[in-house]
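Worksheet for the structure shown next.
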Amino acid sequence: MPTTGNPVLNLSVFAVFVLITLYIVYRASSRNVTASDYYAAGSSFTGAQNGVALSGDFLSAASFLGISGGIAAHGYDGFLYSVGWVVAWLVGLLLIAEGLRNTGRFTVGDVLAFRMRQRPVRAAAANATLVISFFYMIAQMAGAGGLIALLLNVTSKWGQAILIAVVGMVMVLYVLVGGMKGTTWVQIIKAVLLLLCVTLMSVFLLGKFGFSLSAIMDQATDNNKLGDAVLDPGAKYGFSAMSKLDFVSLALSLVLGIASLPHVLMRFYTVPNASEARRSVVWATWTMVIFYLCTLVIGFGAMALVGTDKIAAAPGGENSAAPLLAFEIGGAVLLGIVSAVAFATILAVVAGLTLAASASFAHDVYANVIKRGNAEPRREIRVARLTAVVVGILSIIGGIAANGQNVAFLVSLALALAASANLSTILYTIFWRRFNTVGTLWSIYGGLGSCLVLIIFSPVMSGASTSIFPDVDFAWFPLGNPGLVSIPFSFLCGFLATVFSKREPEMDARAAEMEVRAISGIGARH
Amino acid sequence: MTKAMRSPGEAQHEYREIRGFASFDDPETLSYVDSDGNPKFEAIRETDEFRTLRRRLTTFIFPMTALFLTSYLTFVLLSAYAKDFVSTKVIGVINLGILLGLGQFVTSIIITLGYARYAKRRLDPQRKLLAEKTGVEE
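First to last, the sequence lines map onto chains E and R. Under the numbering used here, the first residue of the first sequence is numbered 799, with each subsequent residue one higher. Under the numbering used here, the first residue of the second sequence is numbered 6, with each subsequent residue one higher.
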């Protein structure tokens, strides 16, 4: 077992971070009383603050550990992820951020049900949010498992399971105590720390290699069994016709899914107006560009200095590339810091996810479907908190089951789901007058359902040695990522169902209001 | 500045007086706010100001979306189906594919800044115009 620093030191750096952030969360949330405070931090953040928090939602375990690990293990094919994550912000900036801010208050359901029949659409939006958040959360929890394994040198599955459970409980605590405001502050702190961390590591690495990326990559090829070929496409996805299609499908899910994730959509509500929402995406784009340039350096740096074989053999596998690199260049202290930051990212992101899921259940299902819009706000928040606990428990169980999978890959499934269920529906409802309730339901359930079915019958679930159930084989869908099929399918479902169903003249006034508000921001406070 | 030009009768239109402006060149212009103070969105939607805003927005965002999606998918498809082409070494061991990928970063920044600038110069002033005409604030 390669030594990975001093577990006690690692743990104490992390514990200090948790204590400081918990204190901040506690301070920030002392006035956490109204629904708007709990769900949307009273819309009190500035564009710049929210932009950093927004990128914080993405500078997650999946990006930091998964993508740097993906690059360290597969070179070029890992780099594809970085590109998709940056370009995806344009979808949020151009198509979604402002319209969403102008028409919704707390959840995606607010926007989707704005000019439709409330109960069925809200229920559908909540179902989609819960499924997507669950998948995304499993990925984060699996990342937490890998990281703990590395930090504390816990190699038994049982030991890791217990630690995942502890992490899950701390996350839920953030949400319960802090609401959206506390969660956003944790997100900001952690995003700044993470950016500093990766930038310093990258500059150090570049300096070590005479400021030549080429030199890093050159040495990296010596430590990968593929040699030079790792710099070319195909190291992970291979060259069969199906694997190439899988690669394209993944790329599509990345670019369309990221801005459709419920916890990201919900972030647009924490700013006071649409132009602040726009500003926050501009900020997020800058931080993302810097961050992903750094993952390129760190990924190849880990391949060069640690070596792919050593990374693969470490507890946590691919996901441990960045922490191992930190240990290689900065010893136990830097490992402790990097791990604490990585840990913090998992905590903050899952806190955001838990909040999105609980808001969706409490606001859409409880307040609007069950209580038909007449719920008492205090009770609604109590339901939200209760849901947060349930979601936390479910994600702990899911995280234990998925422990050991590459987190970036798991995230790509959540992205496919988000793009399939949310993107088509949001775009239609904002930009297409004729769109109606039937169309909305078909595009949500059509996208979500087809995506889920294709995942269940894909090689991810069964039939291959890397599957979640390797011993059985019920796979008939050849692609690991269903986005290439399910995303166009949901657009088609929404279109056909609308065209073949009756117009809703009784909704014309609401449709006019939505169009004016979404595009001009006029009357958005009414 | 317009107060001196108003006809005495116009002061009776209280909503105009409260909002602090009026279309004094056409006193008969219909109101965009109903008696409860709620905006009449269907009427607002039919104004030239709103149509111009809508057109300016859509003629920017949809072509730009098509542009960045095409550029991104070109990079992806080249990586998948033109392996030899993207594997061409350009600077040291850095190949064309990596450079194309980094090029996506650059186009993302350009489009982001371009949109921020366009919104500031072409969209926000038009929104202000619409708000002034209809008397409905954000």
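Note that CB positions come from ideal geometry on N, CA and C, so glycine has one too.
Got a sec: is the Cβ-Cβ distance from residue i to anything in chain E below 8 Å?
| i | result |
| --- | --- |
| T75 (chain R) | no |
| D129 (chain R) | yes |
| Y120 (chain R) | yes |
| R59 (chain R) | yes |
| T139 (chain R) | yes |
| T64 (chain R) | no |
| I56 (chain R) | The question names Ile, but residue 56 (chain R) is Arg in the sequence shown. It does not; no Cβ of chain E falls within 8 Å. |
Taking residue i as part of the beta strand (DSSP E), name the residues at either end of that continuous run.
| i | result |
| --- | --- |
| K979 (chain E) | From DSSP, K979 (chain E) is part of no beta strand (DSSP E) but of the alpha helix (DSSP H) over K955 to K1006. |
Specify, as a first and last residue, the run of the alpha helix (DSSP H) that residue i falls within.
| i | result |
| --- | --- |
| N96 (chain R) | With the sequence shown as reference, residue 96 (chain R) is identified as Ile, and Asn is not the correct amino acid for it. Where I96 (chain R) is concerned, there is no enclosing alpha helix (DSSP H), although the beta strand (DSSP E) it sits in stretches over K94 to I96. |
| A942 (chain E) | Q916 to L950 |
| V1053 (chain E) | A1039 to G1055 |
| K1108 (chain E) | T1106 to A1111 |
| F862 (chain E) | Unbroken run through F862 (chain E): none, as it is neither H nor E. |
| M1101 (chain E) | A1072 to L1103 |
| K133 (chain R) | D129 to T139 |
| Q1203 (chain E) | Careful: Q1203 (chain E) lies outside any alpha helix (DSSP H) and carries neither H nor E. |
| N808 (chain E) | P805 to A826 |
| V906 (chain E) | V906 to L910 |
| T901 (chain E) | A895 to T901 |
| L1063 (chain E) | P1060 to R1065 |
| E54 (chain R) | D53 to Y86 |
| T1238 (chain E) | T1235 to I1254 |
| M1312 (chain E) | D1306 to S1318 |
| G890 (chain E) | Neither: G890 (chain E) is in no alpha helix (DSSP H) and is coded neither H nor E. |
| N1279 (chain E) | That residue, N1279 (chain E), is in no alpha helix (DSSP H); it is neither H nor E in DSSP. |
Rounding to the nearest angstrom, what Cα-Cα distance links residue i and residue j in this structure?
| i | j | result |
| --- | --- | --- |
| N808 (chain E) | F1125 (chain E) | 11 Å |
| H1061 (chain E) | P1257 (chain E) | 28 Å |
| G1032 (chain E) | S1265 (chain E) | 20 Å |
| F73 (chain R) | F67 (chain R) | 10 Å |
| G873 (chain E) | G1097 (chain E) | 8 Å |
| G1171 (chain E) | Q916 (chain E) | 9 Å |
| M69 (chain R) | L1029 (chain E) | 31 Å |
| L891 (chain E) | G840 (chain E) | 22 Å |
| L949 (chain E) | V1095 (chain E) | 23 Å |
| V811 (chain E) | L863 (chain E) | 18 Å |
| V95 (chain R) | A85 (chain R) | 19 Å |
| G897 (chain E) | G941 (chain E) | 33 Å |
| F1293 (chain E) | T982 (chain E) | 37 Å |
| T139 (chain R) | L878 (chain E) | 48 Å |
| F55 (chain R) | V1131 (chain E) | 58 Å |
| R122 (chain R) | G106 (chain R) | 25 Å |
| A1111 (chain E) | L1122 (chain E) | 11 Å |
| A1322 (chain E) | D129 (chain R) | 15 Å |
| S1210 (chain E) | N848 (chain E) | 24 Å |
| P1268 (chain E) | A1199 (chain E) | 13 Å |
| A1138 (chain E) | V1147 (chain E) | 14 Å |
Residues of chain R with a CB under 7 Å from the CB of residue i: which are they?
| i | result |
| --- | --- |
| E1311 (chain E) | F46 |
| M1015 (chain E) | V98 and I99 |
| V1080 (chain E) | T117 and A121 |
| F877 (chain E) | I103 and G106 |
| L1011 (chain E) | I99 |
| L891 (chain E) | T117 and Y120 |
Using beta carbons (cut-off 8 Å, strictly below), is residue i in contact with chain R?
| i | result |
| --- | --- |
| K1042 (chain E) | yes |
| Y1226 (chain E) | no |
| R1076 (chain E) | yes |
| A1049 (chain E) | yes |
| A1146 (chain E) | no |
| A1307 (chain E) | yes |
| T1083 (chain E) | yes |
| V1095 (chain E) | no |
Listing by chain order, which chain E residues have their CB less than 8 Å from the CB of residue i?
| i | result |
| --- | --- |
| S92 (chain R) | L1029, D1030 and P1031 |
Taking residue i as the query, report the chain R residues whose CB atoms sit under 8 Å from its CB, ordered along the chain.
| i | result |
| --- | --- |
| V1087 (chain E) | F110, S113 and I114 |
| F1045 (chain E) | V81, S84 and A85 |
| S1073 (chain E) | A124 and D129 |
| V1053 (chain E) | L74 and Y77 |
Mind checking who residue i pairs with in its DSSP beta bridge?
| i | result |
| --- | --- |
| L100 (chain R) | Rather than Leu, the amino acid found at residue 100 (chain R) in this sequence is Asn. DSSP output for N100 (chain R) lists R:K94 as bridge partner(s). |
| V1148 (chain E) | In the DSSP output, where bridge partners are listed per residue, V1148 (chain E) has none listed. |
| P44 (chain R) | R:V38 |
| F1267 (chain E) | E:S1260 |
Quick one: which chain R residues come within Cβ less than 9 Å of residue i?
| i | result |
| --- | --- |
| W887 (chain E) | S113 and T117 |
| Y874 (chain E) | S84, V91, S92, N100, G102, I103 and G106 |
| L1091 (chain E) | L107 and F110 |
Which residues in chain B sit within 9 Å of residue i, going by Cβ to Cβ distance?
| i | result |
| --- | --- |
| T1019 (chain E) | Considering every chain present, this structure includes no chain B. Its protein chains are E and R. |
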